[in-house]
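Everything below concerns the one structure shown next.
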Amino acid sequence: MAKSTRLRLIRCLPGFAAQAPALRRELQKRGAIVLSQRNECLRVVRDWIASDESLRAKMEANEITLTSLGEFVGRLASHADLPHRRSASPLVQEALLAAEEDSLVNRTSLGVMASKPGFQAAALETLQELRHYELDPRDLAHSDPRLADLAEISAILESALEKHKLTTLSLRVQQLLEAEPSVPDEIRRVLWIGEDVLEPLWARLIQWLVEAGCTVSYFCEVHPTNAEFFPEPPFPQADADASFPIETIDATDLASSLPQHAVYGRGAPKVEGCEGIQIVATADEFIEVETALRELRDRLQDGAPPQSLVLYVPTLSEYGPLIHSGAIRLRVPIVMDYQIPLLQNPLARALQDLLGALVAGSIHAVSLVMRSPFTRAKPAETGAWEALLQEGLSEAEIWQRLEARVDANLPEWASELAAWQRTAANEIGTASDWIARFRELVALLPWIHGDAFTEAEKRHGSALDTMIRGAEAEAIATLNRKLSFREWTRRVVARWKTQTAYIRVRDRGGLLVTQSVWDVGTPDLLYALGMTEGRIPRKRIEDPLLPDRARLAIPGAPLPTSYEEAYAMQRDFYRLISASPHVILSYPKTFSEGDEVASGYLADLRIALPACRLREIGFDRRLPDPTPEQEPHEQVASAAWNGVEPPAPEAKALLEQLQEETSRCDIVVLSSPNLQQRVSSIPDPLRVDHLRAAEECAFRFLVLAHFRLRTRRHPSAWSVARAAIYKTDLSLPPEEMKEELRRHCKAEIDAARPYLSQEELRLLQLSANTLLDSFVQTEANARERWKVRPKAKRVSLQDTGLRKVFRNGDQAIHLDATIDVLYEVEGFEVPMLFGFVPVETQDGDAFELRAALYAALAPEAVRVAIFHDLSTGLRRAYQVGRAPTGSGFVSYTRGNLYLLPRDKNGFLNGIRERFVRTLDKIAFGTVSPEPGNHCKSCSFEDFCRKEESLLVKSTKSDESA
Ligand code: SF4
Numbered sequence: 003m004a005k006s007t008r009l010r011l012i013r014c015l016p017g018f019a020a021q022a023p024a025l026r027r028e029l030q031k032r033g034a035i036v037l038s039q040r041n042e043c044l045r046v047v048r049d050w051i052a053s054d055e056s057l058r059a060k061m062e063a064n065e066i067t068l069t070s071l072g073e074f075v076g077r078l079a080s081h082a083d084l085p086h087r088r089s090a091s092p093l094v095q096e097a098l099l100a101a102e103e104d105s106l107v108n109r110t111s112l113g114v115m116a117s118k119p120g121f122q123a124a125a126l127e128t129l130q131e132l133r134h135y136e137l138d139p140r141d142l143a144h145s146d147p148r149l150a151d152l153a154e155i156s157a158i159l160e161s162a163l164e165k166h167k168l169t170t171l172s173l174r175v176q177q178l179l180e181a182e183p184s185v186p187d188e189i190r191r192v193l194w195i196g197e198d199v200l201e202p203l204w205a206r207l208i209q210w211l212v213e214a215g216c217t218v219s220y221f222c223e224v225h226p227t228n229a230e231f232f233p234e235p236p237f238p239q240a241d242a243d244a245s246f247p248i249e250t251i252d253a254t255d256l257a258s259s260l261p262q263h264a265v266y267g268r269g270a271p272k273v274e275g276c277e278g279i280q281i282v283a284t285a286d287e288f289i290e291v292e293t294a295l296r297e298l299r300d301r302l303q304d305g306a307p308p309q310s311l312v313l314y315v316p317t318l319s320e321y322g323p324l325i326h327s328g329a330i331r332l333r334v335p336i337v338m339d340y341q342i343p344l345l346q347n348p349l350a351r352a353l354q355d356l357l358g359a360l361v362a363g364s365i366h367a368v369s370l371v372m373r374s375p376f377t378r379a380k381p382a383e384t385g386a387w388e389a390l391l392q393e394g395l396s397e398a399e400i401w402q403r404l405e406a407r408v409d410a411n412l413p414e415w416a417s418e419l420a421a422w423q424r425t426a427a428n429e430i431g432t433a434s435d436w437i438a439r440f441r442e443l444v445a446l447l448p449w450i451h452g453d454a455f456t457e458a459e460k461r462h463g464s465a466l467d468t469m470i471r472g473a474e475a476e477a478i479a480t481l482n483r484k485l486s487f488r489e490w491t492r493r494v495v496a497r498w499k500t501q502t503a504y505i506r507v508r509d510r511g512g513l514l515v516t517q518s519v520w521d522v523g524t525p526d527l528l529y530a531l532g533m534t535e536g537r538i539p540r541k542r543i544e545d546p547l548l549p550d551r552a553r554l555a556i557p558g559a560p561l562p563t564s565y566e567e568a569y570a571m572q573r574d575f576y577r578l579i580s581a582s583p584h585v586i587l588s589y590p591k592t593f594s595e596g597d598e599v600a601s602g603y604l605a606d607l608r609i610a611l612p613a614c615r616l617r618e619i620g621f622d623r624r625l626p627d628p629t630p631e632q633e634p635h636e637q638v639a640s641a642a643w644n645g646v647e648p649p650a651p652e653a654k655a656l657l658e659q660l661q662e663e664t665s666r667c668d669i670v671v672l673s674s675p676n677l678q679q680r681v682s683s684i685p686d687p688l689r690v691d692h693l694r695a696a697e698e699c700a701f702r703f704l705v706l707a708h709f710r711l712r713t714r715r716h717p718s719a720w721s722v723a724r725a726a727i728y729k730t731d732l733s734l735p736p737e738e739m740k741e742e743l744r745r746h747c748k749a750e751i752d753a754a755r756p757y758l759s760q761e762e763l764r765l766l767q768l769s770a771n772t773l774l775d776s777f778v779q780t781e782a783n784a785r786e787r788w789k790v791r792p793k794a795k796r797v798s799l800q801d802t803g804l805r806k807v808f809r810n811g812d813q814a815i816h817l818d819a820t821i822d823v824l825y826e827v828e829g830f831e832v833p834m835l836f837g838f839v840p841v842e843t844q845d846g847d848a849f850e851l852r853a854a855l856y857a858a859l860a861p862e863a864v865r866v867a868i869f870h871d872l873s874t875g876l877r878r879a880y881q882v883g884r885a886p887t888g889s890g891f892v893s894y895t896r897g898n899l900y901l902l903p904r905d906k907n908g909f910l911n912g913i914r915e916r917f918v919r920t921l922d923k924i925a926f927g928t929v930s931p932e933p934g935n936h937c938k939s940c941s942f943e944d945f946c947r948k949e950e951s952l953l954v955k956s957t958k959s960d961e962s963a
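Okay, so the sequence shown: first residue is 3 according to this note's numbering, each after it adds one.
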């Protein structure tokens, strides 16, 4: 008697809509388990069941169960009494391999490649593929040396998994298949869905289930006219064998096939009608995304349910941020998950910087973190911190003072942070101990505290969880090994660099944005973006550890090559266009700064469906014509772009308001009398350095003097050398001074270590030392020739005997400045400033005002200010009037010393006039940006938006020209 058929192949057209009727019939029967390797397939089925009353009732009565393959195999393994093992996540497997770096280097021919980022993930992927194809690299090691390496990596991984009592899903299935086929009573009917190519391991599992008495219904896809388009599932025994009968059920309803099934067809006539399919070519990716979002929003506003619309993109990492920002701006509710590199999250980045700074023990690096918004430092706290740094103390002394909280204005957590750093620097512990210490560190800082759980805070919280998960993977890999703080930080930072963080967008009533063709369900409209070569299909890339040649060398060549991967993407495209009766496929002609080529699959589509409509949207249609239904702000933008009037009265009113505001912006008249008074007042005290800004650009003066904004600069040779000079005793003999300068320079570079690469650090060290050597030489010459004696460094003008008040008519102008080095000459104080010193004096118009003012600060008898250019080693004494009696201020070009004498009358008539004119300009209260050559040395171009090089014509007028 023939055995009853327990394996049923249910053949359907691709797309969930085509499969749903057959699935419904199967689910009507009792006790069905729906199984898939793809979570997105299970999600689609779950939502579909939830929308059907009778199926929902069966699921609530546990007659239908949805389960992932991992969970299902776990149940079978327990039933078969296999030793209990947890499955290691890919993250943990990567960490285990990374921990075996020495074995990998010694036992394989891969050498240092085994320690490169991304190696572990690539090796795990290849090993998993070999297991899915039931290929043991140990048996194949003779066919290619790469397989010998993979055999070693496999042995290393399996022994590491065994040591930690862990396993992987495929290893678990391999063990299960060796056991006698048997399943628990409740597993009687399995519906297996969502496979593209059924790999041999899963085919054997299905056979094992059938032998254990289970009925398995395997859903596979077919093309209506091309039988070879989808691969046949590789069941080991054909249906001709009576011991393993297979029933094939054609559930495909060809009569209701969509016109898109003509694509990739064989011998089928061309289809004329295809109103549901449309191709859209846009000028760039921004227009592409916004056009799609606007069209989807229009449908939502027309009453389409959100679940009937799906937006597909092949690469969410690329399109996700664009869609996210576009959806916020255009008010389109969406549901989307996309990933970004973990360390792109600001909190993760700040925590990584903090760990780097604490490892280096660098108080200066910690202070960069201190300025991050996460510390929520109040101005008084930041001020106290900066004051402590400027006391000229050694780093060790600053740490001690911080821990003792010498100033009550210092943030409360600062002393705990200092204590944390002191203990951590001397501790060793397991990776688990360090995780506990890391948690303590996070808790003592006010990073993400607060009740307001904003979207940004949720993202930071999720990034922190991802960091902890990465650290836990390291803890599993390093087990009980004791690590220093430096070693643990090195390991976790390397792990974090390979991890990604999720950005989850969950708008109420949002439409789905996805990058999986298995996730689209049964939408009424599918809008697909990014249909370009390189995205769909993706660029063909060979497996670096097992390239095509090595794959073809395996007897029978069972493994897919990179070309077969391209076929898999063609199937994805076919699934995509089959998912809905209405499909819009869009591509940008340019992306970022490069030209794009439309996907070859669109050409396949147009060959099969010649009537398929192509819509082009150029730059001139960046914004559509305004309509009264649009939000007023959108109407205004669209109207401005298209050169028409906004249709709705409130949009017209908004436009008028805007025009009035923008016309005022150009004149820049502040309407608030308070503000007007504030910006037209001369700051008291007025910083000498700001005068140049006031003379050149009123806006720059505004941000420097009134907003008190500072720019954070990348560490440079110049800034490192200057910081080392501040800490060095300049009265030391030259050789000792050089030594001390180098020591401080090294400490400064150590502080910059977390922010720079090894190459940058080396370059910084070399160039900073060169600058300092040249400084020592010039300083020694100045001491000998100009008879200068250092008295103080980085001193406030208020703490010197120099002049602090200038009179302008009956107005007293109080001045302020920070003097880099204060010298004493013949009993008088002479200021020295670092900065640009022109070689040709006629180039120094801006220098002249600054130099003359500093010189005028000195007492009448010695009107001299010195300027030192660290980058050239050149030092120039600017002297107004007669040379001071007894001083040696003369030019000594061999010693890099120059005198620039100015006659007193010239100063009084020329520079004073400029000074007064600048004061008048400040008092006038103008705040307009004044672009010019000086923009090159300004860092506020992002605020003023008027930097000279940004003043270009609009794109639209360029195009129409
Ligand atoms: S970039 Fe130019 S215009 Fe803008 S603030 Fe700076 S100096 Fe002024």
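Even glycine gets a Cβ: it sits at the ideal position worked out from N, Cα and C.
For residue i, count the other beta carbons within 10 Å of its own beta carbon; 16 or more makes it buried, fewer makes it exposed. Which is it?
i: LYS167; result: exposed
i: LEU677; result: exposed
i: LYS484; result: exposed
i: LEU209; result: Here residue 209 turns out to be Gln, not Leu, going by the sequence shown. Flag for GLN209 reads buried.
i: ASN898; result: buried
i: TYR565; result: exposed
i: ASP467; result: exposed
i: SER812; result: According to the sequence displayed, residue 812 carries Asp and not Ser. Classification of ASP812: exposed, given that the 10 Å Cβ count is below 16.
i: VAL281; result: Here residue 281 turns out to be Ile, not Val, going by the sequence shown. Buried is the call here.
i: ILE538; result: buried
i: GLU631; result: exposed
i: PRO675; result: exposed
i: ILE579; result: buried
i: ALA347; result: Sequence check: residue 347 is Asn here, not Ala. Buried.
i: GLY803; result: exposed
Could you give the DSSP three-state label for residue i: helix, strand or coil?
i: PRO186; result: coil
i: ARG461; result: helix
i: GLN632; result: coil
i: MET533; result: coil
i: SER396; result: coil
i: TRP788; result: coil
i: VAL515; result: strand
i: PHE621; result: helix
When you compare only the Cα positions, how much space is there between residue i and residue j?
i: CYS937; j: ARG712; result: 16 Å
i: ILE684; j: ALA925; result: 6 Å
i: GLU65; j: ARG40; result: 21 Å
i: LEU1; j: LYS729; result: Look at the range of the chain in this structure, 3 to 963, and you will see that residue 1 is not part of it.
i: ALA438; j: ALA285; result: 52 Å
i: LEU660; j: GLY512; result: 32 Å
For residue i, collect the residues of the same chain with a Cβ closer than 8 Å to its Cβ; drop the 5 residues on either side in sequence, then sort them by chain order.
i: LEU611; result: PRO261, GLN262, ALA264, VAL265, LYS272, VAL273, CYS276, ILE279
In its own chain, which residues sit with a C-beta less than 7 Å from the C-beta of residue i, not counting the 5 before and 5 after it?
i: GLY113; result: VAL107
i: PRO316; result: GLN517, GLY532, ARG537, ILE538
Using a Cβ-Cβ cutoff of less than 6 Å, which residues in the same chain neighbour residue i once the five nearest sequence positions on both sides are dropped?
i: THR491; result: LEU357, VAL361
i: LEU193; result: GLU28, ALA34, VAL36, SER219
Runs of alpha helix (DSSP H) wholly within the segment 890-938 (minimum 4 residues, chain order): 914-926
Runs of alpha helix (DSSP H) lying entirely within the segment 826-874, each at least 4 residues, in chain order: For the segment 826-874, the full-length alpha helix (DSSP H) segments reaching 4 residues or more read 847-859 along the chain.
Extract the residue ranges of the alpha helix (DSSP H) inside the segment 314-370, only unbroken runs of 4 or more that lie entirely within it. 318-332, 348-362
Inside the segment 700-728 only - alpha helix (DSSP H) runs reaching at least 4 residues: 700-703
Jot down the residue ranges of each uninterrupted alpha helix (DSSP H) in the segment 81-159, minimum 4 residues, whole runs only, in chain order. 92-101, 103-109, 121-134, 139-142
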